[in-house]
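Reading through the structure tokens given below for one structure.
Number of protein chains: 2
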Amino acid sequence: MNNRDLKQEISDRTKHINGIIETYLPKEEGYAQTVLEAMNYSIHAGGKRVRPMLMEETYHLFGGKEDVVEPFMAAMEMIHTYSLVHDDLPAMDNDMLRRGKPTTHAAYGEAMGVLAGDALLNYAYETALLSFEKTKDVKMLSSSIPKALQLFASKAGIHGMVGGQTADVEAEKKGLSLDEEKLSYIIENKTGALIESAMMVGATLANATREQVACVQKIAQNVGFAFQIQDDILDVVGDEALLGKPIGSDERNEKPTYVVLHGLEASKEKVKTLTEEAVELLKGFDGDTSFLEEFLMYLVYREK
Amino acid sequence: MNNRDLKQEISDRTKHINGIIETYLPKEEGYAQTVLEAMNYSIHAGGKRVRPMLMEETYHLFGGKEDVVEPFMAAMEMIHTYSLVHDDLPAMDNDMLRRGKPTTHAAYGEAMGVLAGDALLNYAYETALLSFEKTKDVKMLSSSIPKALQLFASKAGIHGMVGGQTADVEAEKKGLSLDEEKLSYIIENKTGALIESAMMVGATLANATREQVACVQKIAQNVGFAFQIQDDILDVVGDEALLGKPIGSDERNEKPTYVVLHGLEASKEKVKTLTEEAVELLKGFDGDTSFLEEFLMYLVYREK
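Residue numbers (the numbering used here), protein chains in the order written: chain A, 454 to 757; chain B, 454 to 757.
Now the structure itself:
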């Protein structure tokens with residue numbers, strides 16, 4: 454697929470996923486209307502829906518053909534979105550703009566920002582649990598869905614994304630010295646955990662074997678790590694017009710990154726190695742991995 | 454049971470429940486240690502464990518005999534605790550003390566307060582999902598536990614507790630005029646939803662019939678409503694020494710309460726009617742309802 458076709462394919466899939474997410478969003482009515490509006494506002498501000506896209510494609514790779522994956526796809530985006538809403542709060546990164554629009558607390562006030570994040574996090578579980586309504590297959594009900602839920606919850610929480618956020622906040626606020634192991638922990642959890650979750654949940658719902666899920670996890674770990682290093686690379690050498698934000702902010706904020714620790718060339722090399730390994734592992738699966746391969750390369754080598 | 458025996462029985466059960474909760478708390482280790490400490494700090498600051506107590510007793514009432522209820526009991530207390538941690542944040546009620554101890558954000562900083570609440574909310578689901586490991590019964594796995602999880606999630610979220618918090622914050626911050634319907638919505642959701650959840654999850658895990666669960670819901674609604682009105686009554690006529698806080702704060706804060714709307718006598722009458730109805734409904738069940746009856750009366754007619 455050439456670059457133009459790939460972009461069109463991704464754009465089509467984003468629209469398809471937005472259609473799915475839309476069916477799971479709450480109605481904006483009743484006495485909690487303000488937070489319902491804030492929840493939907495923050496979801497609608499979203500981008501390409503990378504995580505649901507990875508989940509759906511991995512589900513199909515292992516032969517999944519039902520719509521049982523759809524509540525999880527919507528739930529995944531809700532978890533990702535709540536984490537951004539709370540990350541933007543004054544007590545955290547204190548960001549007033551995201552993708553050129555006011556952040557949720559900037560638009561609805563700080564109390565509503567806290568509550569909208571809480572509501573989205575909880576609604577992610579309400580939504581994922583709707584997968585039980587999508588099948589009558591006893592193995593799915595009693596084993597695959599419970600396993601997928603456990604993965605989903607574990608990767609989002611204190612031993613996953615929230616753990617990464619915690620270490621990141623502490624590293625930035627306390628100005629702790631840079632440390633290879635701690636930096637890896639932050640990248641693997643703050644950025645990587647939801648990418649792992651997306652792909653592993655997809656595989657699990659399609660009843661992939663334990664070995665296959667482990668291999669999917671390794672692929673996702675590489676992609677998450679490469680994705681984050683590329684983010685840090687772009688902060689140094691990116692095109693401000695393409696990025697829509699000033700470059701060099703990590704250095705100004707004394708933010709610990711892989712690039713700061715290892716330099717630009719070693720970072721580029723690392724992205725390359727991680728991505729090649731992920732693509733090799735993908736090729737080892739029987740199904741059609743062509744879109745996933747191209748999508749992973751696209752994600753990692755993006756310019757914005 | 455006389456009052457002294459009842460207090461002893463409740464105290465014994467609180468200890469028993471604390472033992473269960475303890476087994477589900479995360480270890481304080483690794484790079485996210487600060488938030489892990491903050492999570493456990495906020496849980497350990499807790500009180501009588503009213504919600505898990507109601508859950509376990511309702512589970513037993515309908516013949517439940519397994520430990521599948523235990524992860525849900527711990528999860529219930531985690532949800533309740535996260536809601537207090539976030540309620541206490543500067544953007545919300547801005548409380549620095551709870552039960553005479555520094556609130557979580559007061560002890561660990563505001564960013565850690567946000568993250569500890571998020572982590573606890575997510576950990577509640579990680580914990581409740583461990584119920585799948587507690588049984589091999591296919592009906593439990595494929596039906597009762599999923600139903601209990603759906604109830605649990607729905608009552609905690611935007612159509613339950615978070616909805617009530619939202620309406621409450623708006624009513625206080627915007628100084629909206631008092632309105633019977635909105636006040637009922639706030640009480641039923643902010644206070645009532647988790648009490649409903651506790652008792653309905655207990656009944657559901659014990660495979661109570663749909664009619665029995667509906668009756669349990671009605672009982673819980675009455676108790677939640679009476680509990681909140683009693684709270685508001687104590688704010689007017691309570692003993693400051695017993696309460697451990699100054700009375701009259703609702704009036705000073707122009708907080709909309711049932712007492713403000715209906716006066717003290719009508720409020721006391723309402724508590725009495727609601728509680729009598731709840732106890733009558735309880736007596737309609739076959740099992741031993743004596744502890745639940747006394748516990749509900751104790752909760753409603755407490756002096757602190």
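Ideal Cβ placement from N, Cα and C applies to all residues, glycine included.
Because the structure is a prediction, the values reported are computed rather than measured.
By the 10 Å Cβ neighbour count, where 16 or more other Cβ atoms means buried, how is histidine 533 (chain B) classified, buried or exposed?
The residue in question, histidine 533 (chain B), is buried, as its Cβ has 16 or more Cβ neighbours within 10 Å.
Please look up how many angstroms separate the CB atoms of leucine 760 (chain A) and valine 538 (chain A), rounded, as I've assumed it's under 8 Å.
No information on residue 760 (chain A) is available, as it lies outside the stretch 454 to 757 that chain A covers here.
What in chain B is Cβ-close to proline 758 (chain A), meaning under 9 Å?
Nothing can be reported for residue 758 (chain A), as the shown portion of chain A is limited to 454 through 757.
Same chain only: Cβ atoms within 7 Å of lysine 708 (chain A), ignoring 5 sequence neighbours per side:
The answer, listed in chain order, is Glu625.
Does the separation of the CB atoms of lysine 608 (chain A) and alanine 667 (chain A) fall below 7 Å?
In this structure, lysine 608 (chain A) keeps its C-beta atom at 7 Å or more from the C-beta atom of alanine 667 (chain A).
Reduced DSSP category for leucine 734 (chain A) - H, G, I as helix; E, B as strand; rest coil
DSSP places leucine 734 (chain A) in helix when its eight states are reduced to three.
Are there 16 or more other CB atoms within 10 angstroms of the CB of methionine 508 (chain A), so buried, or fewer, so exposed?
Buried.
Is lysine 460 (chain B) buried or exposed, if buried means 16 or more other CB atoms sit within 10 Å of its CB?
By the Cβ-count criterion, lysine 460 (chain B) is exposed, with fewer than 16 other Cβ atoms from all chains shown falling within 10 Å of its own Cβ.
Would you say glutamate 563 (chain A) reaches chain B, if we count a Cβ-Cβ gap shorter than 7 Å as a contact?
It does; some Cβ of chain B falls within 7 Å.
Taking only runs of the alpha helix (DSSP H) that begin and end inside the region 605–664 of chain A, which ones reach a length of at least 4 residues, in chain order?
Restricting attention to alpha helix (DSSP H) runs no shorter than 4 residues, the region 605–664 of chain A encloses them at 614–626, 633–639 and 645–658, ordered along the chain.
Short of 6 Å in beta carbon distance, which residues of its chain neighbour leucine 695 (chain B), apart from the five on each side in sequence? Order them along the chain.
Taken in chain order, the residues that qualify are Glu756 and Lys757.
So phenylalanine 585 (chain A) is in the alpha helix (DSSP H); what residue range does that whole segment cover?
Membership of phenylalanine 585 (chain A) in any alpha helix (DSSP H) is not indicated, and neither H nor E is assigned to it by DSSP.
Given a limit of 7 Å on CB to CB distance, which residues of the region 568–593 of chain A reach chain B?
Taking a C-beta cut-off of 7 Å against chain B, the contacting residues of the region 568–593 of chain A are Leu568, Asp571, Ala572, Leu574, Asn575, Tyr576, Tyr578, Glu579, Leu582, Phe585 and Val591, listed in chain order.
Taking C-beta to C-beta, are leucine 658 (chain A) and valine 522 (chain A) nearer than 7 Å?
In this structure, the beta-carbon distance from leucine 658 (chain A) to valine 522 (chain A) falls below 7 Å.
Taking C-beta to C-beta, are leucine 420 (chain B) and leucine 604 (chain A) nearer than 7 Å?
With chain B represented from 454 up to 757, any question about residue 420 (chain B) goes unanswered, as that position is not in the structure.
For a contact meaning CB atoms closer than 7 Å, what does alanine 609 (chain B) contact in chain A?
Chain A residues near alanine 609 (chain B): Asn575.
If we require 3 or more residues per run, which beta strand (DSSP E) segments fall completely within the region 511–546 of chain B?
As for any beta strand (DSSP E) of minimum length 3 sitting wholly inside the region 511–546 of chain B, there is none.
Three or more C-beta pairs below 8 Å linking the region 709–724 of chain B and the region 743–752 of chain B
Touching, no, given that fewer than three Cβ pairs across the two stretches are closer than 8 Å.
Go to aspartate 739 (chain A), then tell me how far its alpha helix (DSSP H) extends in each direction, as first and last residue.
For aspartate 739 (chain A), there is no enclosing alpha helix (DSSP H), as DSSP marks it with neither H nor E.
If the cut is a Cβ gap below 8 Å, which residues of chain A does leucine 489 (chain B) touch?
The contacting residues are Ile611.
Just to confirm the assignment, what range does the alpha helix (DSSP H) spanning tyrosine 754 (chain A) have?
Note, tyrosine 754 (chain A): premise wrong, no alpha helix (DSSP H); not H, not E.
Would you check if the distance between the CB atom of tyrosine 638 (chain A) and the CB atom of alanine 620 (chain A) is smaller than 7 Å?
Against a cut-off of 7 Å, the Cβ pair of alanine 620 (chain A) and tyrosine 638 (chain A) comes out as a contact.
Taking 7 Å as the CB-CB cut-off, is proline 599 (chain A) touching chain B?
Look at proline 599 (chain A): its C-beta is under 7 Å from a C-beta on chain B.
Please confirm whether lysine 501 (chain A) and threonine 557 (chain A) have their CB atoms less than 7 Å apart.
Taking a C-beta distance under 7 Å as the contact criterion, lysine 501 (chain A) and threonine 557 (chain A) do not qualify as a contact pair.
Excluding sequence positions up to five away, which residues of its chain have a Cβ less than 7 Å from the Cβ of lysine 671 (chain B)?
Sequence-distant Cβ neighbours of lysine 671 (chain B) in its own chain, meaning closer than 7 Å and more than five residues away, are Leu734.
Across which residues does DSSP place proline 555 (chain B) in a beta bridge pair?
Within the DSSP secondary-structure output, proline 555 (chain B) pairs in a beta bridge with B:Leu550.
Output, in chain order, the set of chain B residues within a Cβ distance shorter than 7 Å of glutamate 623 (chain A).
Ordered by position in chain B, the residues that pass the 7 Å Cβ test against glutamate 623 (chain A) are Thr487.
Taking the C-alpha atoms as reference points, what is the distance between glutamate 519 (chain B) and methionine 529 (chain B)?
Cα-Cα distance, rounded: 18 Å.
Beta-carbon spacing of aspartate 684 (chain B), aspartate 703 (chain B) below 7 Å:
Their beta carbons are not under 7 Å apart, which means aspartate 684 (chain B) does not touch aspartate 703 (chain B) by this criterion.
CA-to-CA distance, leucine 489 (chain B) to glutamate 482 (chain B), given in whole angstroms
Between glutamate 482 (chain B) and leucine 489 (chain B), the C-alpha separation is close to 8 Å.
Could you tell me whether any Cβ in chain B is nearer than 7 Å to the Cβ of lysine 635 (chain A)?
Among the residues facing chain B, lysine 635 (chain A) is included, as its CB has a counterpart in that chain under 7 Å away.
Can you tell me whether serine 743 (chain B) is buried or exposed, with buried defined as 16 or more other CB within 10 angstroms of its CB?
In the assembly as shown, serine 743 (chain B) is an exposed residue. Its beta-carbon has fewer than 16 other beta-carbons within 10 Å.
Secondary structure at tyrosine 484 (chain B), three-state DSSP: helix, strand or coil?
Under the three-state reduction of DSSP output, tyrosine 484 (chain B) falls in the coil class, being neither helix nor strand.
Less than 7 Å separating the beta-carbons of glutamate 722 (chain A) and alanine 606 (chain B)?
The answer is no: Cβ separation not under 7 Å.
Just checking: is the beta-carbon of tyrosine 638 (chain A) within a distance shorter than 7 Å of some beta-carbon in chain B?
So yes, tyrosine 638 (chain A) belongs to the interface.
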